[in-house]
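What follows is a short report on a single structure.
There are 4 protein chains.
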Amino acid sequence: MIQTNPFDDDKLREECGIFGIIGTKDAGAHAALGLHALQHRGQEAAGIVAFDGQQFHSHRAMGQVGDNFGAESVIARLRGHAAIGHVRYSTTGETILRNVQPLFAEFAFGGFAVGHNGNLTNAHGIRTELIRRGAIFQSTTDTEVIVHLMAKAEGDVVERLIAALRHVEGAYSLVCIARDKVIGVRDPLGVRPLVLGELEGADILASESCALDIIGARYVRDIEPGEMVVLDGKRITSLRPFPKLKQRFCVFEYIYFARPDSIMEGQSVYDARKRIGAELARESHVPADVIIPVPDSGVPAALGYSQEAKVPFELGIIRNHYVGRTFIEPTDHIRHLGVKLKHNANRVHIEGRRIILVDDSIVRGTTSKKIVEMMRQAGAKEVHMRISSPPTMHSCFYGIDTPQPDKLLAHRFNVAGMAQFIGVDSLAFISMDGLYRAMGHPGRDAAAPKFCDACFSGEYPTRLTDLEDGAAPTQLPLLEIA
Amino acid sequence: MIQTNPFDDDKLREECGIFGIIGTKDAGAHAALGLHALQHRGQEAAGIVAFDGQQFHSHRAMGQVGDNFGAESVIARLRGHAAIGHVRYSTTGETILRNVQPLFAEFAFGGFAVGHNGNLTNAHGIRTELIRRGAIFQSTTDTEVIVHLMAKAEGDVVERLIAALRHVEGAYSLVCIARDKVIGVRDPLGVRPLVLGELEGADILASESCALDIIGARYVRDIEPGEMVVLDGKRITSLRPFPKLKQRFCVFEYIYFARPDSIMEGQSVYDARKRIGAELARESHVPADVIIPVPDSGVPAALGYSQEAKVPFELGIIRNHYVGRTFIEPTDHIRHLGVKLKHNANRVHIEGRRIILVDDSIVRGTTSKKIVEMMRQAGAKEVHMRISSPPTMHSCFYGIDTPQPDKLLAHRFNVAGMAQFIGVDSLAFISMDGLYRAMGHPGRDAAAPKFCDACFSGEYPTRLTDLEDGAAPTQLPLLEIA
Amino acid sequence: MIQTNPFDDDKLREECGIFGIIGTKDAGAHAALGLHALQHRGQEAAGIVAFDGQQFHSHRAMGQVGDNFGAESVIARLRGHAAIGHVRYSTTGETILRNVQPLFAEFAFGGFAVGHNGNLTNAHGIRTELIRRGAIFQSTTDTEVIVHLMAKAEGDVVERLIAALRHVEGAYSLVCIARDKVIGVRDPLGVRPLVLGELEGADILASESCALDIIGARYVRDIEPGEMVVLDGKRITSLRPFPKLKQRFCVFEYIYFARPDSIMEGQSVYDARKRIGAELARESHVPADVIIPVPDSGVPAALGYSQEAKVPFELGIIRNHYVGRTFIEPTDHIRHLGVKLKHNANRVHIEGRRIILVDDSIVRGTTSKKIVEMMRQAGAKEVHMRISSPPTMHSCFYGIDTPQPDKLLAHRFNVAGMAQFIGVDSLAFISMDGLYRAMGHPGRDAAAPKFCDACFSGEYPTRLTDLEDGAAPTQLPLLEIA
Amino acid sequence: MIQTNPFDDDKLREECGIFGIIGTKDAGAHAALGLHALQHRGQEAAGIVAFDGQQFHSHRAMGQVGDNFGAESVIARLRGHAAIGHVRYSTTGETILRNVQPLFAEFAFGGFAVGHNGNLTNAHGIRTELIRRGAIFQSTTDTEVIVHLMAKAEGDVVERLIAALRHVEGAYSLVCIARDKVIGVRDPLGVRPLVLGELEGADILASESCALDIIGARYVRDIEPGEMVVLDGKRITSLRPFPKLKQRFCVFEYIYFARPDSIMEGQSVYDARKRIGAELARESHVPADVIIPVPDSGVPAALGYSQEAKVPFELGIIRNHYVGRTFIEPTDHIRHLGVKLKHNANRVHIEGRRIILVDDSIVRGTTSKKIVEMMRQAGAKEVHMRISSPPTMHSCFYGIDTPQPDKLLAHRFNVAGMAQFIGVDSLAFISMDGLYRAMGHPGRDAAAPKFCDACFSGEYPTRLTDLEDGAAPTQLPLLEIA
């Protein structure tokens with residue numbers, strides 16, 4: 344089977360995007376639009392919970408936002424002045440409807456729902472203990488432990504949420520809804536993003552600023568690491584319930600995950616990528632006739648590289664936008680053709696030329712290998728590859744889907760070995776210091792790095808309790824449901 | 344020809360059917376077939392949970408068994424040597440996937456699932472208290488309180504189940520699965536049915552014996568009121584954890600709910616219906632030319648009536664077997680035609696004749712009125728109606744969907760008024776004593792009736808705690824999900 | 344796979360039903376309802392063409408009428424004061440959308456559509472010749488030759504239709520629509536039925552009178568063999584374009600195909616079946632305790648038999664109304680159970696008794712064999728079978744789906760052999776003379792039989808030109824389409 | 344990144360793409376892949392007809408290739424060593440299944456199927472005459488007249504096809520299949536493209552060379568205007584049955600329709616677009632800070648412009664790749680937000696800057712207006728727009744979906760008026776001579792233009808017989824089918 348997802352299965356994958364809004368008519372419709380703009384953060388399922396002053400309304404579905412939340416009848420049911428939403432990607436077998444967020448629970452004080460971007464690193468241990476004490480879990484998500492911890496806590500919804508979060512480790516940006524309140528929280532290290540916006544008096548929370556742009560809302564600021572904001576449609580109350588830590592924002596959001604039109608921590612993602620590309624050119628340029636981006640994510644870095652290196656930028660690889668759900672290779676005969684469903688060489692700028700391919704990362708290397716082969720077939724004289732991230736060598740435990748380390752090309756080979764595997768004349772990654780320089784720092788401060796760069800460095804900024812306790816990150820669930 | 348009408352909305356409706364099996368290969372497939380035979384007890388959703396020695400496998404779906412469990416791929420996934428299943432009908436708005444049974448829960452001792460036929464009368468109060476103490480509910484079913492009570496209890500699965508059931512009131516027949524055990528229980532009054540069967544060493548539980556017949560299994564006996572049986576594939580352990588009470592089996596199972604080919608409490612349902620018909624003839628016969636059953640459920644009583652009254656039995660109403668999902672009457676012009684989608688008069692036996700229509704019950708009276716009108720249009724000289732149950736005047740709180748009392752024709756009118764509403768020349772219901780006589784008793788012993796006949800008598804055999812506490816039987820759920 | 348169609352695959356099958364109406368608002372809706380009442384004549388596809396004074400509107404779909412024509416949006420599109428419709432059953436592989444009728448064609452005089460019940464016996468030869476002369480066929484149906492012959496003819500629509508029909512042989516009842524005319528025709532032998540009805544000034548054509556009843560229309564008369572009626576919403580013009588022949592109506596319509604509530608040639612189908620049952624009792628009764636119909640089609644004959652033989656009629660076989668689309672037998676283990684998806688024995692009237700099963704026909708014998716086996720398992724002391732038709736030994740070429748002769752049990756064995764195959768203690772069919780007597784004739788007049796009984800007698804009332812020319816009745820089409 | 348926008352309704356739209364192959368195993372699978380690469384030429388329906396030496400196999404479906412032809416079961420049925428395929432876009436109401444190509448017909452010599460890219464300008468007249476003479480049409484497509492003309496002709500398939508094409512006017516590239524032959528033809532002016540390819544001995548025809556690339560086939564040459572090639576799997580026979588004319592290839596293929604990676608008439612489409620962009624810069628550059636392509640189709644022209652003007656190229660507009668099937672704006676409140684579902688401004692390169700937007704064409708102008716507004720909201724200091732085609736003022740009758748002229752912005756306004764409507768500070772289109780210069784000619788030779796540029800010039804290279812005869816290009820069909 345030829346994988347034809349619009350997302351490339353040879354990329355790391357962001358697992359979630361979140362959105363919340365309060366203080367407007369049609370909050371559910373706003374949430375649907377916001378999630379649509381965050382679709383790149385999770386394509387497998389989406390959900391919205393709205394509150395109309397009386398009752399909560401929910402719609403959750405497998406599939407993309409536009410396919411499930413575009414209908415008038417769906418939006419009409421999600422009525423109310425407050426809503427939260429969630430998009431989700433997840434590994435096979437676990438994306439079942441009961442795991443689709445927002446998770447809803449009925450507390451003694453009333454209904455409550457939560458959407459979570461990130462991943463907790465001690466959820467398995469907490470879950471085991473809660474079950475021992477009589478809790479009944481409805482999903483297999485790490486997020487549900489927060490809900491159960493809240494149920495065991497006392498006080499109002501804010502007090503319970505703070506109490507619950509004091510028990511968890513890992514990365515989380517949350518949006519919650521509890522009757523007339525929408526609440527946003529970011530973990531003390533601020534690993535995953537969360538921004539605050541405003542639209543005609545309504546207050547908004549979103550993973551990225553592009554979800555504000557789609558509805559014409561104004562970007563106000565990033566929620567700070569360890570901050571909790573409580574929105575009631577009139578006032579924004581900012582709480583600081585957690586000890587102050589140095590921020591460790593995920594640097595890969597700049598490299599690949601975020602949309603290029605988003606602003607994160609005050610920086611344009613597009614420009615960050617261009618600066619990384621320029622830095623890459625300064626570090627490892629070789630003589631060449633043309634700079635070619637690997638579409639679509641390599642484009643900004645390739646532009647930055649081209650402008651710095653003063654070598655023309657050309658679209659040497661053309662992507663087919665029509666991909667369909669699946670496309671089977673039915674016979675051996677077809678398989679041996681090496682069918683080019685997604686990409687084609689733009690031969691006129693490749694044949695007889697020395698080309699530099701610019702891509703954002705190498706994960707398994709399978710796509711890179713195919714693309715290089717396609718360039719060779721199209722007559723490239725030399726093929727060099729430049730990568731706008733350091734080698735990806737370690738798993739992420741903070742909400743990014745990473746293959747097992749032994750599947751990571753950078754884990755299996757050094758750079759020379761990788762170059763040979765992929766089939767290029769030369770291969771270079773940006774250095775760790777170069778990456779930090781492109782982001783405006785003097786280099787990486789090994790004692791106190793400014794970002795979470797664990798997938799490159801292996802230095803995890805939190806404890807990995809479940810892993811240390813021997814729990815598999817994704818254990819066999821007791822119940823397989825379809 | 345003569346079964347529970349799958350589409351008549353002017354009937355009371357059984358809400359559930361259950362099935363369990365242990366000690367055979369392909370337990371999931373057996374369960375699917377058993378549920379297919381119990382389809383008349385619940386057409387809106389179905390679910391099966393199987394256990395393969397390692398893991399539980401579940402499939403739950405809206406719709407009928409044959410449409411959702413017929414595929415080889417579905418059955419292949421439900422592998423294992425033990426399985427339980429459930430079919431469900433429910434009132435509009437609440438039949439959402441999260442309410443479809445069996446309910447599954449992960450306990451400290453492992454996984455557990457339960458399917459429930461009946462209804463608890465104090466579930467609302469227990470639920471409120473459990474939520475106050477930190478429980479998170481995943482459905483809006485009354486059944487889930489049993490699972491949470493078990494989670495709070497101690498001991499092994501049997502001890503916990505007994506402890507949980509000591510808190511609940513109302514009607515329940517349950518099948519449960521917990522790894523290598525299948526458990527069946529009937530409430531102390533035995534309101535809803537549950538039978539034990541055997542097939543080549545496998546032990547089986549089912550709501551009715553027709554679910555044994557479909558797979559060629561042997562009917563062993565009815566589970567007794569208040570009895571719990573624990574099946575491990577080798578042994579059947581019978582427990583008596585509840586105080587001994589006099590049985591109060593639902594008499595309407597004989598009148599309409601059960602399939603005519605089922606044996607209940609040792610009696611043939613078909614013959615019971617014929618005897619009720621014969622008793623009806625003895626009580627209220629009038630001179631007539633022909634006895635006509637209202638298809639399909641009125642057939643056995645009409646046969647019994649005809650044989651007793653020595654008046655010919657003829658199929659004077661022909662039913663169209665093809666009914667489709669919906670058939671809109673698109674315009675006023677069409678509506679005024681009085682379209683006969685489901686039934687047609689077999690004019691040759693009606694025109695110019697004195698006819699006696701025999702039906703099992705009158706609920707709202709709307710269908711009866713239409714049928715009488717059709718008989719008049721076909722030229723009937725006289726139309727008499729005889730009903731093989733006493734007037735249905737009260738709601739059922741034990742697992743039967745009854746309209747609000749003010750919708751029940753017998754609640755609005757006396758027999759003469761009902762006759763006028765329906766448009767018949769005469770109308771008679773079997774008497775309460777006549778019903779008991781037909782069932783082999785001398786009459787109804789007011790001090791200790793042998794059956795639950797609350798829908799006729801208003802005498803409920805259990806407390807109705809939630810109702811007394813002012814909880815609406817079906818409260819607005821906090822969350823509306825689609 | 345267990346066949347779970349509502350139609351039994353061990354029955355002959357009527358292939359089509361037709362309906363036409365002119366002179367009312369919402370003609371399309373009337374047609375949908377009429378087809379719903381004719382659903383037993385063809386369950387695999389349905390189509391309607393309506394005319395609104397300006398334009399024709401068509402909807403054709405695979406599946407049942409209620410599933411495809413129930414929606415308001417569909418009916419709204421089929422607007423107009425005149426409409427014709429068609430339901431169709433067809434052999435596997437050929438029921439593709441382009442074959443679903445009514446067939447539409449654009450002539451020089453305007454649009455025209457036709458629905459056909461029956462089968463032409465010289466269509467293949469005509470088609471070959473027409474293609475040779477440049478015609479392009481759009482379907483593989485025999486009916487399309489009529490349309491092409493009309494296109495080659497001259498004059499108005501009526502003249503062309505008559506000219507075309509003069510070339511064809513075989514059986515046909517047709518409804519046609521051509522702008523402001525609806526036309527009905529029956530072949531000179533009147534093999535297939537067609538009746539005329541009236542509803543508030545609108546004129547109606549239908550295969551059976553039950554399609555009049557559903558909309559409250561009045562049965563006027565049967566269209567006569569060889570008659571053409573032209574309806575324009577005001578007048579009914581009757582033409583007699585074909586030579587007068589003795590009628591040869593299909594006797595199997597009375598035995599099984601028609602709905603029991605239909606009136607055909609002035610006779611009640613239900614009563615005809617009862618009379619055949621009574622005649623059967625007179626011919627071949629044996630001492631027995633109970634008469635049991637094979638549901639559902641055997642019921643009227645069994646009632647007639649029971650009343651004549653004075654032996655009680657009981658529903659000894661209960662049918663499950665819920666059948667689903669398909670139900671796979673996934674494993675050998677399940678297969679050996681002999682699963683009873685459709686029928687169950689009502690043991691209380693079988694065990695220890697001498698039973699007489701009454702059925703309408705035996706085709707392959709597979710269902711009969713299973714039912715007898717089920718009776719034996721339920722403890723029957725003796726099992727006798729009585730059939731209300733003579734042995735089915737020959738193929739039908741006039742619009743009934745018959746298996747190849749070597750699949751017909753009566754072609755393979757004599758009655759004794761059939762009894763042994765099925766496993767009964769005795770087996771008897773009604774005699775050919777007995778059948779004619781039950782239908783009011785002195786017996787079968789071998790020189791001039793009143794009915795088409797070719798499936799029993801092998802005497803075909805028309806030429807079988809294609810068969811004689813060696814054309815397979817269903818040849819490999821040039822194009823396989825899905 | 345840079346392809347025909349699958350969802351922009353403010354573009355002209357190519358109506359068809361075609362593909363044919365002979366001399367390989369799995370010809371149907373090759374055709375599916377080829378059509379996938381041609382998906383931009385028609386997204387609403389697709390069809391394939393294959394021939395296996397005995398029988399033709401066909402699959403036609405509404406929707407995209409990947410959604411309908413990806414399944415193994417579909418491809419398995421399309422077995423054979425020869426196949427043709429077609430993708431189709433069509434105006435609303437007419438894309439019904441019976442119009443989906445390839446059209447199949449059964450001739451006296453056997454089966455035949457045809458797929459057509461282009462449009463005939465005298466089909467209506469021919470059709471009327473053919474119907475008058477007794478032909479029955481199965482579709483409402485212009486293409487079907489070719490099939491009927493062939494049926495009336497004599498000789499083998501090639502002779503009949505030539506005879507038929509001698510009667511038609513307009514534009515056509517055809518692929519045909521007739522048992523062991525695949526035939527390709529291009530009309531005498533060569534308005535629509537058709538190329539010849541080769542893969543391991545198999546011969547291939549395709550609308551564009553990108554359909555060769557996807558399966559690794561080699562581009563051999565363009566079929567010449569007026570040429571017919573007959574492929575039998577071994578030999579390629581080239582015929583010249585039509586009078587030699589000067590080529591008039593559609594220039595809009597270079598501007599927008601074709602995929603940038605295709606080679607047409609020996610020229611790279613991507614490079615042609617870049618050269619047009621460069622010419623545009625030479626003709627009408629204004630001082631600016633940044634060149635921004637309107638994604639995705641404006642990218643190559645913008646790159647060419649940027650390189651010529653030496654002003655940086657930046658992705659100032661980011662497109663959302665996830666678009667879903669529909670996204671309703673459910674309320675007035677939502678509508679007034681001006682939701683940006685498809686595009687977002689990349690503010691960092693717009694705010695405070697003088698920008699030049701480069702797009703390929705302006706049709707209605709609605710999308711351009713929205714994009715300019717978005718640029719203003721993002722703070723652009725000046726907004727200039729440059730268009731890489733002359734103003735689109737006339738309808739196309741050769742297979743391109745054009746709005747009615749009064750909907751074309753260039754038909755309603757002069758350039759100044761258009762600039763005002765769109766809201767730009769300046770607007771310029773490439774001149775007609777500039778366009779020809781970019782394509783390698785000295786300018787437009789008014790006496791003998793090298794291209795069909797009728798949509799700009801109004802000079803149609805063929806007669807428009809149906810139009811002159813007063814037939815609407817898309818007349819109300821006699822039959823509306825769904």
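Residue numbers (the working numbering), protein chains in the order written: chain A, 344 to 825; chain X, 344 to 825; chain C, 344 to 825; chain L, 344 to 825. Glycine included, each C-beta is placed from N, C-alpha and C at the ideal position.
Check, Outcome
"Using a Cβ-Cβ cut-off of 8 angstroms, state whether serine 731 (chain L) counts as contacting chain A.", "no"
"How would you list, in chain order, the residues of chain A whose beta-carbon sits under 7 angstroms from the beta-carbon of valine 691 (chain L)?", "Ser611, Tyr613, Asp614"
"Looking at alanine 466 (chain X): is its Cβ nearer than 8 angstroms to the Cβ of aspartate 812 (chain X)?", "no"
"What's the C-alpha gap between isoleucine 743 (chain L) and asparagine 462 (chain L)?", "8 angstroms"
"For glutamine 650 (chain A), would you say it is in contact with chain L, using Cβ-to-Cβ distances shorter than 8 angstroms as the test?", "yes"
"Who are the near neighbours of methionine 344 (chain L) in its chain, counting only those whose CB is closer than 7 angstroms to its CB and skipping five residues on each side?", "Per-residue confidence for methionine 344 (chain L) stands at a pLDDT of 28, beneath the threshold of 50, marking its modelled position as unreliable; no derived number is given."
"Can you grab the Cα-Cα spacing for the pair valine 490 (chain A) / alanine 426 (chain A), in whole Å?", "18 angstroms"
"Could you round the C-beta distance between lysine 712 (chain C) and phenylalanine 764 (chain C) to whole angstroms and report it? I think they count as a contact, below 8 angstroms.", "7 angstroms"
"What are the start and end residues of the beta strand (DSSP E) that includes proline 636 (chain X)?", "633 to 636"
"Helix, strand or coil, according to DSSP, for alanine 496 (chain A) in the structure here?", "coil"
"Which bits of chain C does isoleucine 474 (chain L) rub up against, with CB to CB less than 7 angstroms?", "Glu449, Phe450, Ala451"
"Is it buried or exposed, alanine 790 (chain A), if we count other Cβ atoms within 10 angstroms and call 16 or more buried?", "exposed"
"Could you tell me which chain C residues have their CB closer than 7 angstroms to the CB of leucine 376 (chain X), listed as they occur along the chain?", "Val682"
"Closest to valine 501 (chain X) by CA distance: which of X:Gly513, X:Glu512, X:Leu517 is it?", "X:Leu517"
"Is isoleucine 677 (chain L) close to chain C? Criterion is C-beta to C-beta, closer than 8 angstroms.", "no"
"Within a Cβ cutoff of 7 angstroms, which residues of the same chain sit near proline 531 (chain L), ignoring the five residues on either side of it in sequence?", "Pro568, Gly569, Phe585, Pro586, Leu588"
"Would you kindly work out how many angstroms separate the C-alpha atoms of leucine 378 (chain L) and arginine 696 (chain A), rounded to a whole number?", "30 angstroms"
"Answer yes or no: does any C-beta atom of chain X fall closer than 8 angstroms to that of isoleucine 661 (chain C)?", "yes"
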